[in-house]
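*Asks:* Numbers 35 to 258, taken from the working numbering, label the letters of the sequence shown in order.
Every residue, glycine too, gets a C-beta built ideally from N, C-alpha and C.
Keep in mind that this is a model prediction, so the values were computed, not measured.
Before I ask anything, let me first share the structure, which is written out below as C-alpha cells.
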Amino acid sequence: MINCDLGECLTPNPDADVMPLINMANIACGGHAGDNNSMTKTIKLAKKFGVKIGAHPSYADIANFGRVSQTLSTCALFDLIYQQITAFQKFCTEHSALLKYIKPHGALYHDMTHNPLVLEVMCDVIHKTDQNLSLVVQAGHEDYFKNFGNNENDLFLHEVYADRGYQGIHMIPRGDKGAVLTDPKAIIDQYYQFLEEKSFKIDTICFHSDNKASVEALKQLKNA
C-alpha cells in the first residue's frame, strides 16, 4: 500500500493530484500544518477516492514543520497528541468517514522509533481513543516494536520511504547528502526494490507530497 502525507496546506497544493494515486492518506492535524478547513477538505477528498484515512499528528511546531524534536512530559505529550486525534476524529465523524490509523509526523515519528516513552504515549492515545486504530512505524525495527504489541488490539504497520535515502535499514538524516531522492526514476527503482524486500516486514511505502519528484514518480507508476 502506498501512503502519502497530505492536508499540509502546501503551495501549490498537490493533494487533488496525489489522492487518486495512493491507498492511504496521512492527513495533517494542525501540529506542523493544517487547520479545520484543510482537514475537512482532505477527509472529503480521501473519501471520494476510497483512500484509507489516517491522522498525522505532530509536535506543535509550524515554524519548523514539525521536524525538530521536543522534550515534553508524558502527560503533556499525551494531551498534545490526544487533542489532535480527537479533533480529527470529530471531522471524520461529521463527514461519515472512518479513521483507520495514526502516523506521527517528522520528529515525533523519529522520537517514537528511538524513545520507548514516546511510543508508549502513542499506544496510550490509541487505547483511549479507538483500540482498532493502527499505528504506522518505521520498518526494520521489529524487535523494538514487538515489545509494545502484547495487546491483541495493537497493530503496527511497518513503513519504508520510496523517496528517502537509506544506509541499510536506517534513513539518512535530513540535511545529509543523499537524504532525499530527487529523481523520479530513483524513487521508482527504490519502490520496486522495497516490493521485493524479504529480510524485514514492510506493510506500506511512503511518498512525500512536498517532493515534486515523488509526485511525478506516483504519476509514472499509475501509468505504468
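Please classify residue 175: does DSSP put it in a helix, a strand, or coil?
*Replies:* By one-based count along the sequence shown, residue 175 stands at place 141. In the structure shown, residue 175 sits in coil (DSSP, three-state: anything other than H, G, I, E or B).
*Asks:* Three Cβ pairs or more, each shorter than 8 Å: is that satisfied between the region 119 to 135 and the region 45 to 55?
*Replies:* No, the region 119 to 135 is not in contact with the region 45 to 55.
*Asks:* Once you ignore the five residues that flank residue 54 on each side, which residues in its own chain have a CB closer than 7 Å to its CB?
*Replies:* Along the sequence shown, read from residue 1 onward, the residue named residue 54 stands at position 20. Excluding residues within five positions, the ones whose Cβ falls inside 7 Å are 83.
*Asks:* Going by C-alpha to C-alpha distance, which of 203, 95, 210, 42 sits closest to residue 142?
*Replies:* Taking the sequence shown and counting its residues from 1, one reaches residue 142 at position 108. Comparing Cα positions, the closest option is 95.
*Asks:* Count the other CB atoms within 10 Å of the CB of residue 216; is the residue buried (16 or more) or exposed (fewer)?
*Replies:* To locate residue 216, count along the sequence shown from 1; it is residue 182. So residue 216 ends up on the exposed side.
*Asks:* To the nearest angstrom, how far is it from the Cα of residue 114 to the Cα of residue 210?
*Replies:* Here residue 114 refers to the residue found at position 80 when the sequence shown is read from its first residue. Here residue 210 refers to the residue found at position 176 when the sequence shown is read from its first residue. One C-alpha to the other measures close to 30 Å.
*Asks:* Could you say if the region 72 to 91 and the region 102 to 109 meet the contact criterion of at least three C-beta pairs nearer than 8 Å?
*Replies:* At 8 Å Cβ cutoff, the stretches do not touch.
*Asks:* What is the DSSP secondary structure of residue 98, reduced to helix, strand or coil?
*Replies:* Residue numbering aside, residue 98 sits at position 64 when the sequence shown is read from its first letter. DSSP places residue 98 in coil when its eight states are reduced to three.
*Asks:* Where does residue 86 fall in DSSP's three states?
*Replies:* The residue labelled residue 86 in the question sits at position 52 within the sequence shown. Strand.
*Asks:* Could you tell me which of 233, 234, 239, 214 sits nearest to residue 226, measuring between CA atoms?
*Replies:* In the sequence shown, the residue the question calls residue 226 occupies position 192. Among 233, 234, 239, 214, the Cα nearest to that of residue 226 is on 239.
*Asks:* Which residue wins for smallest C-alpha separation from residue 98, given the options 108, 139, 169?
*Replies:* On the sequence shown, residue 98 is found 64 positions in, with the first residue counted as 1. Measuring from the Cα of residue 98, the nearest candidate turns out to be 139.
*Asks:* Check the C-beta distance from residue 85 over to residue 56 and give it rounded, since I have them as a contact under 8 Å.
*Replies:* As a position in the sequence shown, residue 85 is number 51, starting the count at 1. As a position in the sequence shown, residue 56 is number 22, starting the count at 1. About 6 Å separates the two Cβ atoms, so the contact holds.
*Asks:* State the start and end residues of the unbroken beta strand (DSSP E) segment that holds residue 47.
*Replies:* To locate residue 47, count along the sequence shown from 1; it is residue 13. No beta strand (DSSP E) contains residue 47, which DSSP labels as neither H nor E.
*Asks:* Can you check which of these residues, 221, 111, 64, 169, is closest to residue 122 by C-alpha distance?
*Replies:* If you number the sequence shown from 1, residue 122 lands on position 88. Nearest of 221, 111, 64, 169 to residue 122, Cα basis: 64.
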